[in-house]
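Protein chains in written order, with the numbering used here: chain A, 922 to 1035; chain B, 0 to 115.
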């Protein structure tokens, strides 16, 4: 069964600190993995997208890593800001259909305190 | 910010009413999608479309229906709303083709539906 599991479920950090969010998946055949940021009451916005051959991808203070062998990914946020408070969703796409079906994790709810 | 819009943003309606959630995009994308999301839960695909006059049901069974008469519009309709339909509904679109960039889905802001 294709699944995407994220940890932790929620996380509270102080402004300026770094944090790392985890994603494990069982989706096969694998096509790509993306991290989305979803602010409360808004739609998800793409942060990074990685294919099988990519190990790391950065977008400003966000750095995603991918280990396709162990089927794990992480999202590292450096020097956190209050505006980073949001849900971070790991999404994996399979290669088995032209639809590019997406499998969503439940997200990690990050709260940044001043 | 993607050019994909949803209206209304919030809707509170009584049981039994017919409602239509609007979704429009100005990017010329062929593929469009409707997702349902409950608080703290993952997004579930309920409908998708490959293009005009194409509609398919997604992974999650839904009593809603969709139509795709124009490329830019993908409205979702509930003929008789029930409290179990209370949820957030997200519309998305993606570019045509099989290349990687075409798998990038752009999401609208969502409609928060409450049925009393």
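Think of the CB as a built atom: it goes at the ideal place given N, C-alpha and C, for glycine as much as any other residue.
For clarity, every value in this text was computed on a predicted model and none was experimentally measured.
Given a threshold of 16 other Cβ atoms within 10 Å of its Cβ, counted over all protein chains shown, does residue i qualify as buried or as exposed?
i: residue 931 of chain A; result: exposed
i: residue 955 of chain A; result: buried
i: residue 51 of chain B; result: exposed
i: residue 9 of chain B; result: exposed
i: residue 33 of chain B; result: buried
i: residue 1026 of chain A; result: buried
i: residue 114 of chain B; result: buried
i: residue 1010 of chain A; result: buried
i: residue 11 of chain B; result: exposed
i: residue 53 of chain B; result: exposed
i: residue 1008 of chain A; result: buried
i: residue 19 of chain B; result: exposed
CB-CB under 8 Å to residue i, same chain, minus the five flanking residues each way: which ones, in chain order?
i: residue 940 of chain A; result: 932, 934, 997, 998, 1001 and 1031
i: residue 1024 of chain A; result: 923, 924, 925, 946, 948, 1012, 1013, 1014 and 1015
i: residue 85 of chain B; result: 112, 113 and 114
i: residue 43 of chain B; result: 34, 35, 36, 57, 58 and 59
i: residue 49 of chain B; result: 29, 30 and 55
Start and end of the beta strand (DSSP E) containing residue i?
i: residue 955 of chain A; result: 951 to 959
i: residue 1038 of chain A; result: Residue 1038 of chain A lies beyond the range of chain A shown here (922 to 1035); nothing can be said about it.
i: residue 926 of chain A; result: 925 to 928
i: residue 1007 of chain A; result: 1007 to 1015
i: residue 80 of chain B; result: Counting along the chain, residue 80 of chain B falls outside any beta strand (DSSP E), and DSSP gives it neither H nor E.
i: residue 30 of chain B; result: 30 to 36
i: residue 1025 of chain A; result: 1023 to 1025
i: residue 172 of chain B; result: With chain B covering 0 to 115 only, the question about residue 172 of chain B has no answer from this structure.
i: residue 111 of chain B; result: 110 to 114
i: residue 943 of chain A; result: 940 to 946
i: residue 988 of chain A; result: 983 to 988
i: residue 9 of chain B; result: 9 to 12
i: residue 969 of chain A; result: 966 to 972
i: residue 991 of chain A; result: Note, residue 991 of chain A: premise wrong, no beta strand (DSSP E); not H, not E.
i: residue 17 of chain B; result: Element bounds for residue 17 of chain B: n/a, residue is neither H nor E.
i: residue 980 of chain A; result: 977 to 980
i: residue 44 of chain B; result: 43 to 48
i: residue 999 of chain A; result: First-last for residue 999 of chain A: undefined, no H or E at that position.
i: residue 6 of chain B; result: 3 to 6
Excluding sequence positions up to five away, which residues of its chain have a Cβ less than 7 Å from the Cβ of residue i?
i: residue 986 of chain A; result: 976, 977, 994 and 995
i: residue 71 of chain B; result: 23, 24 and 25
i: residue 1033 of chain A; result: 934, 936, 1001, 1002, 1003, 1005 and 1006
What does a CB cutoff of less than 6 Å around residue i pick up in its chain, not counting 5 residues either side in sequence?
i: residue 972 of chain A; result: 953
i: residue 45 of chain B; result: 33, 35, 57, 59 and 61
i: residue 15 of chain B; result: 79
i: residue 943 of chain A; result: 928 and 995
i: residue 3 of chain B; result: 24, 92, 105 and 107
At 8 Å on the CB atoms, spell out the chain C contacts of residue i, in chain order.
i: residue 951 of chain A; result: Within the model displayed, chain C is absent; protein chains A and B are what it includes.
| query | What residues from the segment 36 to 60 of chain B come within 7 Å of chain A, judged by C-beta to C-beta, listed N to C? | reply | Cβ contacts with chain A come from 39, 40, 41, 42 and 47.
| task | Could you run through the segment 932 to 946 of chain A and flag, in chain order, every residue whose CB is less than 7 Å away from some CB of chain B? | result | Of all residues in the segment 932 to 946 of chain A, none has a C-beta nearer than 7 Å to a C-beta of chain B.
| query | When you check each C-beta in the segment 957 to 989 of chain A against every C-beta of chain B, which residues fall closer than 9 Å? | reply | Residues passing the 9 Å Cβ filter: 957, 959, 962, 963, 964, 965, 966, 967, 970 and 972.
| Using Cβ-Cβ distances below 9 Å, what residues of the segment 991 to 1015 of chain A are close to chain B? | Per Cβ criterion, the list reads 1008, 1010, 1012 and 1014.
| Interface positions of the segment 7 to 40 of chain B facing chain A (Cβ-Cβ less than 7 Å), listed along the chain | For the segment 7 to 40 of chain B, which is checked against every Cβ of chain A, the residues closer than 7 Å are 39 and 40.
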